[in-house]
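Some notes on the structure that comes next.
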Amino acid sequence: MRGSFADLVAVPSSQLATKPPSLTHAEAAALVLPGLTVVQALRQHGFGPGTRVLVLGASGGVGHLAVQVASARGAQLVVGVCSGRNVEFVKSMGADDVLDYEALEPPDDDEAGVAPDPLVEALREVLRKHGGRPFDLVLDTVSSHDARDRAHAYKSRIRSNPALLDDSPNAADKHNYVTIGGRTGGWITAGVKRVTGVNLFKRGKELFWINFNQCAPDLRTLRALAEGEGSNGGVRAVKPAIERTVPLTDEGVREAFRALHGRRVRGKLAIEL
Numbered sequence: 001m002r003g004s005f006a007d008l009v010a011v012p013s014s015q016l017a018t019k020p021p022s023l024t025h026a027e028a029a030a031l032v033l034p035g036l037t038v039v040q041a042l043r044q045h046g047f048g049p050g051t052r053v054l055v056l057g058a059s060g061g062v063g064h065l066a067v068q069v070a071s072a073r074g075a076q077l078v079v080g081v082c083s084g085r086n087v088e089f090v091k092s093m094g095a096d097d098v099l100d101y102e103a104l105e106p107p108d109d110d111e112a113g114v115a116p117d118p119l120v121e122a123l124r125e126v127l128r129k130h131g132g133r134p135f136d137l138v139l140d141t142v143s144s145h146d147a148r149d150r151a152h153a154y155k156s157r158i159r160s161n162p163a164l165l166d167d168s169p170n171a172a173d174k175h176n177y178v179t180i181g182g183r184t185g186g187w188i189t190a191g192v193k194r195v196t197g198v199n200l201f202k203r204g205k206e207l208f209w210i211n212f213n214q215c216a217p218d219l220r221t222l223r224a225l226a227e228g229e230g231s232n233g234g235v236r237a238v239k240p241a242i243e244r245t246v247p248l249t250d251e252g253v254r255e256a257f258r259a260l261h262g263r264r265v266r267g268k269l270a271i272e273l
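Under the UniProt record's numbering, the first residue of the sequence shown carries the number 1, and numbering increases by one thereafter.
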């Protein structure tokens with residue numbers, strides 16, 4: 001096969017690191033892309049020990065690693081949002097609190113929009129329980145151009161409530177609502193930032209674009225986290241959860257894509273030779 005599923009590729013040495021001994025080859029492969037996404041997104045958006053992080057889509061491929069990495073690197077609070085069937089899974093990844101979005105959708109009969117938003121109220125209660133300070137960073141791994149994702153309107157629901165996300169001049173990063181996917185216009189703006197360094201995103205929002213150039217140091221960071229090095233006070237080593245593996249065949253790849261399009265994969269899928 002060619003493209004993303006080639007069985008042999010050549011890459012620059014600046015994009016290589018040795019495999020963590022504690023991971024299988026499938027786990028190591030599953031760690032790279034989402035792991036780089038998380039490490040780079042956290043670094044570029046003011047993350048440090050004591051940061052309070054909200055992860056939307058916390059049971060998915062990027063989300064479950066975001067929970068683990070943020071926890072391992074000293075986040076004060078990590079809260080995940082996922083479906084009800086995955087709540088315990090996300091807790092096992094290291095989240096301090098987990099909310100079931102299926103139970104927290106706005107009521108269908110609230111056409112005037114006057115009823116309290118169940119998700120907002122639940123997040124405010126979580127923050128009150130953990131000292132009251134708002135989140136410093138939101139990693140939204142759900143929102144995209146897809147109508148199914150836009151219907152949740154997470155950005156507007158969260159950003160319209162200043163008690164949820166720090167929007168003060170003292171915020172660690174003014175672009176602290178970070179989406180991993182988005183509409184075409186967002187990708188154009190992200191491309192301008194990547195090429196020129198000029199950030200044209202409005203305050204409080206940014207679409208994150210992973211950078212593979214010279215990524216070897218970030219890969220070494222992931223290797224250390226997978227080995228439990230540099231983790232926060234004995235927090236578990238970072239490890240991708242693989243829901244299932246499929247063979248590197250036409251049907252195996254089709255099966256993997258069908259599962260991904262179903263939007264119910266917990267953790268990662270892996271394709272094995």
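Glycine included, each C-beta is placed from N, C-alpha and C at the ideal position.
Just so you know, these numbers come straight off a predicted model, no measurement behind them.
Whole-angstrom C-beta distance between residue j and residue i, which should lie under 8 Å
i	j	result
Ala-216	Ser-14	5 Å
Ala-226	Ser-22	6 Å
Leu-119	Leu-139	No, Leu-119 and Leu-139 are not in contact; Cβ-Cβ is about 16 Å, not under 8 Å.
Val-69	Leu-42	7 Å
Arg-124	Ala-153	Not a contact, Cβ separation roughly 17 Å.
Val-9	Val-79	No, Val-9 and Val-79 are not in contact; Cβ-Cβ is about 37 Å, not under 8 Å.
Member of the options whose CA lies at the smallest distance from the CA of residue i
i	options	result
Ala-259	Leu-23, Arg-244, Glu-272, Leu-273	Arg-244
Lys-268	Ala-10, Lys-19, Phe-89, Ser-22	Phe-89
His-64	Cys-82, Glu-121, Gly-50, Val-9	Cys-82
Asn-161	Asn-211, Pro-116, Pro-49	Pro-116
Thr-37	Glu-251, Glu-125, Phe-257, Gly-60	Gly-60
Gly-57	Phe-257, Asn-211, Ala-237, Val-87	Val-87
Phe-201	Gly-186, Lys-239, Ala-122, Gly-74	Gly-186
Asn-213	Ser-168, Arg-194, Glu-229	Arg-194
Asp-250	Arg-236, Val-198, Tyr-101, Leu-273	Leu-273
Ser-168	Gly-197, Arg-133, Ala-153	Arg-133
Gln-44	Gly-197, Ser-71, Leu-248	Gly-197
Arg-73	Arg-236, Arg-263, Val-253	Arg-236
Arg-263	Thr-141, Lys-129, Gly-48, Ala-6	Thr-141
Thr-24	Val-253, Lys-239, Phe-257, Leu-248	Lys-239
Residue i vs residue j beta-carbon contact at 8 Å
i	j	result
Arg-265	Glu-255	Going by the sequence as given, residue 265 is Val instead of Arg. No. Outside cutoff.
Ala-30	Ala-224	no
Leu-77	Val-53	yes
Thr-165	Phe-135	The sequence as given places Leu at residue 165; Thr does not occur at that position. Cβ atoms of Leu-165 and Phe-135: closer than 8 Å.
Ser-156	Gly-181	no
Ile-242	Ala-26	yes
Leu-137	Gly-35	no
Thr-51	Ala-75	yes
Val-39	Thr-221	yes
Lys-19	Ala-6	no
Glu-102	Gly-131	no
Residue i beta carbon near the ligand FMN (any heavy atom closer than 7 Å)
i	result
Gly-35	Ligands displayed in this structure: none; no statement on the ligand FMN is therefore possible.
**Asked** Is the stretch 174 to 183 touching the stretch 92 to 111 in the sense that three or more CB pairs, one from each, lie closer than 8 Å?
**Response** no
**4-residue-minimum alpha helix (DSSP H) runs that sit fully inside the stretch 14 to 86, ordered along the chain** = 25 to 44, 63 to 72
**Request:** Could I get the ranges of all uninterrupted alpha helix (DSSP H) runs contained in the stretch 113 to 141, with 4 residues as the minimum, in chain order?
**Result:** 118 to 129
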